[in-house]
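Here is the structure we will look at.
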Amino acid sequence: MNENIKRILTASLIIISVLSAGIAAYAYTIQPENVEEKTVQISAMKGKLTHSAILSNQSIYGNEVSREYYPAEMTESFLGNYIFTTTTEKTGSYVFTIDTSYYIQDGKNRIEMWNETKFYQSGEYKNSASINFTINPSELRSDLERVKEGTGVSRMQQDVRINFRASDENGVFQHSVSLVKKSELYRFSDTEKTEQITENIRNVKQNYLTGMEIQDARVIYATLTFSALIPAAILNRDYFQRIRAKRMESNAYMVSGRKTGNKVIVDSLEDLKKVFQLTDSPILKAEEKNETVYSIEANGLTYEFRN
Numbered sequence: 003m004n005e006n007i008k009r010i011l012t013a014s015l016i017i018i019s020v021l022s023a024g025i026a027a028y029a030y031t032i033q034p035e036n037v038e039e040k041t042v043q044i045s046a047m048k049g050k051l052t053h054s055a056i057l058s059n060q061s062i063y064g065n066e067v068s069r070e071y072y073p074a075e076m077t078e079s080f081l082g083n084y085i086f087t088t089t090t091e092k093t094g095s096y097v098f099t100i101d102t103s104y105y106i107q108d109g110k111n112r113i114e115m116w117n118e119t120k121f122y123q124s125g126e127y128k129n130s131a132s133i134n135f136t137i138n139p140s141e142l143r144s145d146l147e148r149v150k151e152g153t154g155v156s157r158m159q160q161d162v163r164i165n166f167r168a169s170d171e172n173g174v175f176q177h178s179v180s181l182v183k184k185s186e187l188y189r190f191s192d193t194e195k196t197e198q199i200t201e202n203i204r205n206v207k208q209n210y211l212t213g214m215e216i217q218d219a220r221v222i223y224a225t226l227t228f229s230a231l232i233p234a235a236i237l238n239r240d241y242f243q244r245i246r247a248k249r250m251e252s253n254a255y256m257v258s259g260r261k262t263g264n265k266v267i268v269d270s271l272e273d274l275k276k277v278f279q280l281t282d283s284p285i286l287k288a289e290e291k292n293e294t295v296y297s298i299e300a301n302g303l304t305y306e307f308r309n
């Protein structure tokens with residue numbers, strides 16, 4: 003192959019290998035994917051109580067009024083409407099009750115003495131439910147006196163609660179509203195309640211490098227790094243062989259001496275040491291006729307130096 007073409011091919015393969023190695027290294031610094039988690043609202047359930055009162059004295063508020071507070075002495079009855087709604091299409095069942103409990107407050111302890119259900123309604127709903135009801139304060143007062151007389155406890159107190167419970171295949175919604183009497187005034191507490199049904203959504207987004215997913219990019223560019231070096235080495239095998247030959251030549255041991263039959267007489271002890279390094283055979287020392295003889299037996303030859 004023409005040397006210029008070989009050089010161009012070799013340079014191109016080396017450039018490809020270096021670039022591939024750099025891209026592969028960069029790919030290992032990037033996360034294969036980005037994970038995003040967020041909470042989204044699937045649906046919501048809401049209960050709301052609206053109320054008004056019929057008053058005995060109409061000189062100020064008129065016959066019917068809707069307020070946050072109602073004067074206890076003038077309130078003849080409460081007109082209420084409870085509405086339950088869902089933001090998504092749902093079907094289920096509900097129970098609506100007005101419950102009265104009678105208790106004694108003993109310090110921080112509340113001792114329940116009697117419980118009654120004044121109103122009860124149940125049914126099925128599809129997306130919503132609406133219940134109308136009436137509460138008569140004079141009837142509540144009569145009930146309290148009746149329980150006091152029946153139990154013999156004069157300091158009996160009364161608690162009035164409006165309870166709603168809806169259930170479907172996904173869960174239960176419960177809402178409790180109290181009718182509170184304090185300082186000669188009535189009021190309804192906690193008239194609204196909303197519950198949200200949420201879901202955690204996990205969004206996985208793959209990261210890409212040069213149009214490939216990160217995991218694929220790591221493998222492909224790492225493989226390409228070595229794949230480009232192999233043909234470059236094959237193209238230049240003659241060059242590598244010459245380098246190896248020069249290296250071997252520079253490391254070759256030159257031994258000075260003369261060969262006689264199976265014996266090689268070396269010129270110096272240093273030359274014999276070179277033979278030892280080449281053959282890894284022991285050096286034998288002997289005395290002959292006032293001479294010190296150093297010798298090595300290796301490969302069928304005897305290397306000898308006389309001093």
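All residue numbers for the sequence shown refer to this note's numbering, where the first residue is 3 and numbers rise by one. Backbone N, C-alpha and C fix where the C-beta goes; we use that ideal spot for every residue, glycine too.
Using the beta-carbon count (16 or more within 10 Å), is residue i buried or exposed?
i, result
"Gln60", "exposed"
"Leu57", "buried"
"Val162", "buried"
"Gln160", "buried"
"Met158", "buried"
"Arg220", "buried"
"Thr153", "exposed"
"Phe228", "exposed"
"Met256", "exposed"
"Ser22", "buried"
"Tyr28", "exposed"
"Ala26", "buried"
"Leu271", "exposed"
"Ala168", "buried"
"Val174", "exposed"
Where does residue i fall in DSSP's three states?
i, result
"Glu91", "coil"
"Pro73", "strand"
"Gln33", "coil"
"Tyr105", "strand"
"Ile222", "helix"
"Val257", "coil"
"Tyr63", "coil"
"Ile298", "strand"
"Lys1", "No answer is possible for residue 1: it lies beyond the span of the chain, which begins at 3 and ends at 309."
"Asp282", "coil"
"Gly213", "coil"
"Asp192", "coil"
"Ser58", "coil"
"Asp269", "coil"
"Ser14", "helix"
"Lys291", "coil"
"Gly24", "helix"
"Ser19", "helix"
"Ser79", "strand"
"Ser229", "helix"
"Asn202", "strand"
"Asn238", "coil"
"Asn165", "strand"
Once you ignore the five residues that flank residue i on each side, which residues in its own chain have a CB closer than 6 Å to its CB?
i, result
"Asp170", "Lys92, Gly94"
"His177", "Gly49, Phe166, Lys195"
"Leu146", "Gln160"
"Arg308", "Glu293, Val295"
"Asp269", "Ser258, Gly259"
"Glu75", "none"
"Ser124", "Val97"
"Ile137", "Phe80"
"Tyr63", "Leu57"
"Pro139", "Thr77"
Could you name the residues of the same chain whose beta carbon sits closer than 8 Å to that of residue i, not counting the 5 residues immediately before and after it, in chain order?
i, result
"Thr304", "Asn264, Lys265, Val266, Ser297, Ile298"
"Arg260", "Val266, Ile267"
"Ala55", "Glu66, Val67, Ser68, Arg69, Tyr72, Thr77, Glu78, Ser79, Phe80, Leu81, Tyr188"
"Gln33", "Asn209, Ile216"
"Asn117", "Asp101, Thr102, Ser103, Tyr104"
"Lys150", "Ser156, Met158"
"Ser130", "Ile85, Phe86, Thr87, Thr88"
"Met115", "Tyr104, Tyr105, Ile106, Val149, Thr153, Val155, Met158"
"Ile313", "Given a span of 3 to 309 for the chain in the structure shown, any question on residue 313 remains unanswerable."
Which residues in the same chain as residue i place their Cβ atom closer than 7 Å to its Cβ, once the five residues preceding and following it in sequence are excluded?
i, result
"Lys50", "Ile85, Thr193, Glu194"
"Glu141", "none"
"Ala288", "Val295"
"Ile113", "Tyr105, Ile106"
"Val321", "In the structure as shown, the chain begins at 3 and stops at 309. Residue 321 is therefore absent and cannot be evaluated."
"Pro233", "Leu15"
Specify, as a first and last residue, the run of the beta strand (DSSP E) that residue i falls within.
i, result
"Ser180", "173 to 184"
Are the C-beta of residue i and some C-beta of chain D separated by less than 8 Å?
i, result
"Ser19", "Annotation note: the requested chain D is absent from the structure, which comprises a single protein chain."
Would you mind listing the beta strand (DSSP E) stretches within the region 110 to 160 that are 3+ residues and don't spill past its ends, in chain order? 111 to 128, 130 to 137
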